[in-house]
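> Structure below; questions to follow.
This is how it looks when you write it as structure tokens:
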């Protein structure tokens, strides 16, 4: 079952003295996080009055946070978004939905393991698959035959060198 609320970033500091929070986004882009009118902190909705991108982070003004002291009380907190209403482009998935998916060799049908981590270097995501062996599979069309989050699996095409524990 997919979680309704997803981790989307962390409040790391204040910006200025008017109560603006600095959020390190855990999204593909900080602009994605700026589109939300409501964020969730400690399971409670918080209205976003304004949000903008600054040096790869999100600077936001939140209801009820009016000064530096208000921000400092939030420092270190994880920011969540509600996935309801979010439409991802075709072929894109939330990382949280990929975690734990069964990974199957598209050619042999062999179960390789499950997605244990998703690395996000600049070029493209890399799926870390753990089972009897560990694999690092670039998340690009050349290696991904099929991703079916609803059915709980990813079919991949392997090449030499993807297994990391040899």
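Numbering (our numbering), first residue to last: 7 to 172. Heads up, the beta-carbon is just placed ideally off N, CA and C, and yes, glycines get one too. Just so we're clear, the structure is a prediction, and the values are computed from it rather than from any experiment.
1) Which residue marks the beginning of the alpha helix (DSSP H) containing residue 121, and which one marks its end?
2) Report the CB separation of residue 67 from residue 79 in whole angstroms; it is logged as a contact under 8 Å.
3) Please return the same chain residues whose Cβ sits closer than 7 Å to the Cβ of residue 59, not counting the five positions on each side in sequence.
4) Going by DSSP in three states, residue 76 sits in which element: helix, strand or coil?
5) For residue 114, which option in 89, 162, 156 and 122 has the closest C-alpha, if you only look at C-alpha atoms?
6) State the Cα-Cα distance for the pair residue 148 and residue 129, rounded to the nearest angstrom.
7) For a minimum of 3 consecutive residues, which ranges assigned as the beta strand (DSSP E) are wholly contained in the segment 76-110?
8) Could you check what DSSP says for residue 38 in three-state terms: helix, strand or coil?
9) Under 8 Å by Cβ, that's how I've got residue 97 and residue 17 pegged, so tell me the actual separation to the nearest angstrom.
10) Can you give me the Cβ contacts of residue 112 inside the same chain, cut-off strictly under 8 Å, excluding the 5 residues immediately before and after it?
11) Could you compute how far the alpha carbon of residue 132 sits from the alpha carbon of residue 142?
12) So residue 122 and residue 136 are in contact, right, with Cβ under 8 Å, and what is the actual spacing, rounded?
13) Taking contact to mean at least 3 C-beta pairs separated by less than 8 Å, is the segment 69-78 in contact with the segment 102-110?
14) Indicate the three-state DSSP secondary structure (helix, strand or coil) for residue 163 in the structure shown.
15) Which residues does DSSP pair with residue 112 in a beta bridge?
16) In angstroms with no decimal places, state the Cα-to-Cα distance between residue 108 and residue 170.
So, to answer that:
1) No alpha helix (DSSP H) contains residue 121, which is instead part of the beta strand (DSSP E) from 117-125.
2) Between residue 79 and residue 67 the Cβ distance is about 15 Å, and since that is not below 8 Å, they are no contact.
3) Once the five neighbours on either side are set aside, the close Cβ partners of residue 59 are 36, 37 and 40.
4) Note: residue 76 maps to helix in three-state DSSP.
5) Nearest of 89, 162, 156 and 122 to residue 114, Cα basis: 162.
6) Taking the straight line joining both Cα atoms gives about 14 Å.
7) Given a length threshold of 3 residues, each whole run of the beta strand (DSSP E) inside the segment 76-110 is given here in chain order: 84-88.
8) Residue 38 falls in the helix class under three-state DSSP.
9) The pair is not a contact, with the Cβ atoms about 31 Å apart (cut-off 8 Å).
10) So the qualifying residues of the chain are 151, 152, 161, 162 and 163.
11) The alpha-carbon of residue 132 is positioned some 6 Å away from that of residue 142.
12) Right, their Cβ atoms sit about 4 Å apart.
13) With a cut-off of 8 Å, the segment 102-110 and the segment 69-78 do not count as touching, because too few Cβ pairs lie within range.
14) Three-state DSSP puts residue 163 in coil, outside helix and strand.
15) BP columns for residue 112 are empty, so no partner.
16) Their backbone Cα atoms lie some 18 Å apart in a straight line.
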